[in-house]
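Enquirer: I'd like to ask some things about the structure below.
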Amino acid sequence: MHRTATTWATLTLGLALAGAVAADPVEDTLVVEAEEGTVDLVTTAPAPEFLKDTVDTIYSGWHYREDETRDLQRDDFDNPGMVFVDRGLDLWNATIGTDGQSCAGCHEGPESMAGLRATTPRVDAKTGALMTVENYVDACVTDRMGLEAWGWTGSQMKDMLALISMQSRGMPVNVAIDGAAASFWEKGKELYYTRFGQLEMSCASCHEDNQGRYIRADHLSQGQVNGFPVYRLKDAGILSAQQRFVGCVRDTRAETFKPNSDEFKALELYVASRGNGLSVEGVSVRH
Amino acid sequence: MAEDVKPRVKTPKTAAAGEVVTIKALVSHTMESGQRKDAEGNLIPRKIINRFTCDLNGMNVIDVAIDPAVSTNPYFEFEAKVDAAGEFKFTWYDDDGSIYEDTKPIAIG
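Line by line, the protein sequences are chains A and B. For the first sequence, the UniProt record's numbering assigns the number 1 to the initial residue and increments by one for each residue that follows. For the second sequence, the UniProt record's numbering assigns the number 1 to the initial residue and increments by one for each residue that follows.
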């Protein structure tokens, strides 16, 4: 009898544990072996002031992925995203403008873009518009080079995005949320907490209330965008932050906003600010 | 020659005599399988890299026959025993006759 009781107790305990499947972010550190040497990336940081009541620590999405996926990002050779960075560099040097302009013609090496990814989206001082990296690229391509606009989520735009983001790798995300950015940031925050779609889910439903838990087979992260653009194994390609937003909103069974819409730009600013202090990862690897 | 084809190779710069070293070789290539159709329903002709070789000082290390089921941007990781300093030579053979090459020196030390 006694033995049976113990067995039941064990079984019940087992079921109770299985009922609440939660997995904390993996404790690990990210050091990337790059051509120029090793690069230390900050993947955990104290939460920004405005999040203090919500979370203590912010984690890069890297901590929520499997061992094999995390390892891919430790070595630039293994990181499939670097193929797209290389393509971006070719595009950077190519004389594609209507008058033979190239990115390199004005900006010299891509190193001149260092810091851009870390501080965008930001408000342009001249126009007062909220600008993402893509907005800056688009302005150059259409205004200065006289070309047809690149597709917002097309391969040229994303190759360029990958190259430009790599120049800020290792720099802490540091987007401004006050001053001219405040109104955009408030709008983004409102969107973050607004429930969309037939499933009536907001960003916070998954990435705040249930981060660390599983949604089917997916380990819910804090939804940080410091690693974007990412090489997504599922797509075998590069994914920008706003493309990810499209996927998330679609999964709530809603009609989504479009990339480069005012809504998604404001949301990108707000989500980026939640990761202020984490390193820009250049091109990260996720599944 | 196709655009966007770019070999990338990673080898150690030095090795002890007789040491077995790991080599990683990747080439960016769309690897069109010949099975897909375009928007009009026409078959897209096959265009893949069908052979990859690596030689060390003229001695063959690996010689791979590649078939259409291979992924885009094919990536090979393999080992080579280094007895003397010299040069690794990597060659990729494209269906259209193009040959892409890369070399990496290795020193004994």
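Beta carbons are placed, not taken as given, at the ideal position from N, Cα and C, and that holds for glycine. Everything numeric in this text was worked out from a predicted model, so none of it was measured.
#1: Which residues bound the alpha helix (DSSP H) around residue 185 of chain A?
#2: Suppose contacts are defined by Cβ-Cβ distances below 7 Å. Is residue 137 of chain A in contact with residue 272 of chain A by that definition?
#3: Chain A partners of residue 89 of chain B, CB-CB under 7 Å?
#4: State the CB to CB distance for the pair residue 36 of chain B and residue 44 of chain B, rounded to an integer number of angstroms; the pair is presumed to be in contact (CB under 8 Å).
#5: Would you say residue 32 of chain A faces chain B, with C-beta separation under 7 Å as the test?
#6: Any C-beta of chain A sitting closer than 7 Å to the C-beta of residue 42 of chain B?
#7: Along the chain, where does the beta strand (DSSP E) containing residue 75 of chain B start, and where does it finish?
#8: Which residues in chain B have a C-beta closer than 9 Å to the C-beta of residue 80 of chain A? List them in chain order.
#9: Taking only the alpha-carbon atoms, compute the straight-line gap between residue 16 of chain A and residue 4 of chain B and give it to the nearest angstrom.
#10: So, with DSSP's three-state summary, where would you put residue 14 of chain B?
#11: Apart from the five residues on each side of it in sequence, which residues of its chain come closer than 6 Å, Cβ to Cβ, to residue 107 of chain B?
#12: So what's residue 14 of chain A in DSSP terms, helix, strand or just coil?
#13: Taking the alpha-carbon of residue 151 of chain A as reference, which of A/38, A/258, A/80, A/56 has the nearest alpha-carbon?
#14: What residues in the segment 5-25 of chain B bring their beta carbon closer than 8 Å to a beta carbon of chain A?
#15: Shorter than 7 Å from the beta carbon of residue 285 of chain A to some beta carbon of chain B?
#16: Whose C-alpha, out of A/31, A/43, A/32, A/55, is nearest the C-alpha of residue 207 of chain A?
#17: Please check if any C-beta of chain A sits within less than 7 Å of the C-beta of residue 29 of chain B.
#18: Please report the residue range of the alpha helix (DSSP H) in which residue 265 of chain A lies.
#19: Which ranges does the alpha helix (DSSP H) cover as unbroken runs of at least 4 residues, wholly within the segment 50-124 of chain A, from first to last along the chain?
#20: Shorter than 7 Å from the beta carbon of residue 86 of chain A to some beta carbon of chain B?
#21: Between which two residues does the beta strand (DSSP E) carrying residue 19 of chain B extend?
#22: Taking buried to mean at least 16 other C-beta atoms within 10 Å of its own C-beta, is residue 106 of chain A buried or exposed?
#23: Compile a chain-ordered list of the residues in the UniProt domain "Cytochrome c" (187-280) of chain A whose CB is closer than 8 Å to at least one CB of chain B.
#24: For residue 173 of chain A, write down the residues that DSSP places opposite it in a beta bridge.
#25: By Cβ distance, which residues of its chain are closer than 6 Å to residue 266 of chain A, with the 5 residues on each side in sequence left out?
#26: Could you tell me whether any Cβ in chain B is nearer than 7 Å to the Cβ of residue 39 of chain A?
Expert: To lay it out plainly:
#1: Against the first sequence, residue 185 of chain A aligns to sequence position 185. It spans 182-192 - the alpha helix (DSSP H) in which residue 185 of chain A sits, taken as one unbroken run.
#2: Within the first sequence, residue 137 of chain A is the residue found at index 137, counting from 1. Within the first sequence, residue 272 of chain A is the residue found at index 272, counting from 1. No.
#3: Taking the second sequence and counting its residues from 1, one reaches residue 89 of chain B at position 89. Near residue 89 of chain B there are no residues of chain A at all, since even the closest Cβ is about 19 Å away, more than 7 Å.
#4: Working through the second sequence from its first residue, we reach residue 36 of chain B at position 36. Working through the second sequence from its first residue, we reach residue 44 of chain B at position 44. Their Cβ separation, rounded to whole angstroms, is 5 Å, which keeps residue 36 of chain B and residue 44 of chain B in contact under 8 Å.
#5: One-based indexing of the first sequence puts residue 32 of chain A at position 32. Residue 32 of chain A does not count as touching chain B.
#6: Numbered from its first residue, the second sequence carries residue 42 of chain B at position 42. Closer than 7 Å: no.
#7: What you label residue 75 of chain B is simply residue 75 of the second sequence in a count that begins at 1. Run containing residue 75 of chain B: 75-82, per the beta strand (DSSP E) assignment.
#8: Start at 1 with the first residue of the first sequence, and residue 80 of chain A comes out as number 80. Result: 26, 73, 75.
#9: Taking the first residue of the first sequence as position 1, residue 16 of chain A is located at position 16. Taking the first residue of the second sequence as position 1, residue 4 of chain B is located at position 4. Bear in mind that a pLDDT of 43 at residue 16 of chain A, under 50, signals an unreliable position, so the number given afterwards is only what the model happens to contain. Cα to Cα, the separation comes out at about 53 Å.
#10: The sequence position of residue 14 of chain B within the second sequence is 14, counting from 1. It is a strand residue.
#11: For this step, residue 107 of chain B is matched to residue 107 along the second sequence. Within the same chain, residue 107 of chain B has close Cβ partners 14, 85.
#12: Reading the first sequence from its first residue, position 14 is the one you call residue 14 of chain A. Its pLDDT being 45, under 50, residue 14 of chain A is placed unreliably by the model, and nothing is read from it.
#13: In the first sequence, counting from the first residue as 1, residue 151 of chain A sits at position 151. Minimum Cα distance to residue 151 of chain A is reached at A/258.
#14: 6, 8, 10, 24
#15: In the first sequence, residue 285 of chain A corresponds to position 285, counting from 1. Chain B contact via Cβ: absent.
#16: Working through the first sequence from its first residue, we reach residue 207 of chain A at position 207. Looking at the Cα atoms, A/55 is the closest of the given residues.
#17: Residue 29 of chain B sits at position 29 when you count from the first residue of the second sequence. No, because no Cβ of chain A sits closer than 7 Å to the Cβ of residue 29 of chain B.
#18: Counting from one through the first sequence, the residue named residue 265 of chain A turns up at place 265. Note, residue 265 of chain A: alpha helix (DSSP H), 262-273.
#19: 67-72, 82-93, 103-107, 116-119
#20: For this step, residue 86 of chain A is matched to residue 86 along the first sequence. Chain B contact via Cβ: present.
#21: Numbered from 1 along the second sequence, position 19 holds the residue referred to as residue 19 of chain B. Residues 19-28.
#22: As a working note, residue 106 of chain A is residue 106 in the first sequence. Per the 10 Å Cβ criterion, exposed.
#23: 236
#24: Start at 1 with the first residue of the first sequence, and residue 173 of chain A comes out as number 173. Beta-bridge pairing links residue 173 of chain A to no other residue.
#25: Working through the first sequence from its first residue, we reach residue 266 of chain A at position 266. If we look at residue 266 of chain A and ignore the five residues flanking it on each side, its Cβ neighbours are 184, 187, 188.
#26: For the purposes of this step, residue 39 of chain A is identified with residue 39 of the first sequence, where counting begins at 1. So no, residue 39 of chain A is outside the interface.
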